[in-house]
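First comes the structure, then the notes that go with it.
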Amino acid sequence: MNNKEYINELARRSGYTQEVTRKLVHDVVAEMTDRLGESETVSIAGFGSFEVKKRLERILVNPSTKQRMLVPPKLVLSFRPVASVKEKLKNGGEEDE
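Sequential numbering of the sequence shown, starting at 2, is according to our numbering.
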């Protein structure tokens, strides 16, 4: 599903126009990006949480040349789904009964 299909489906389900829905989605993503940029955790009830983690610097070895390289530290985005989402995906997308 791409962004346009997502906006169309969300607009259909919510009853809002596609333009209003597009703006709402854009605003939500912008706010999440701002919060994550401030190293805050963003939790969405019933879905999961996003957080920024720091990956420490490390040394990698190129297997063909045996050359050692220092990989600098960096920030990475992490997502942890809630248990119900994990279970649904584990069951192939089918709801538990």
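The C-beta atom is built at its ideal place from N, Cα and C for all residues, glycine as well.
For residue i versus residue j, is the C-beta distance shorter than 8 Å?
i	j	result
Met-33	Val-43	yes
Asn-9	Gln-19	yes
Val-77	Gly-49	no
Phe-51	Leu-61	no
By a C-beta neighbour count over all protein chains shown, 10 Å radius and 16 as the cutoff for buried, is residue i buried or exposed?
i	result
Thr-22	buried
Strictly by DSSP, which residues pair up with residue i?
i	result
Ser-15	The partner list for Ser-15 (beta bridge, DSSP) is empty, contrary to what the question assumes.
Gly-49	Ile-45 and Pro-82
Would you check if there are 3 or more beta carbon pairs closer than 8 Å linking the stretch 56-69 to the stretch 78-85? no
Please specify which runs of the beta strand (DSSP E), each continuous and at least 3 residues long, are wholly inside the stretch 52-88, giving them in chain order. The stretch 52-88 contains these whole beta strand (DSSP E) runs: 59-62, 69-72 and 75-82.
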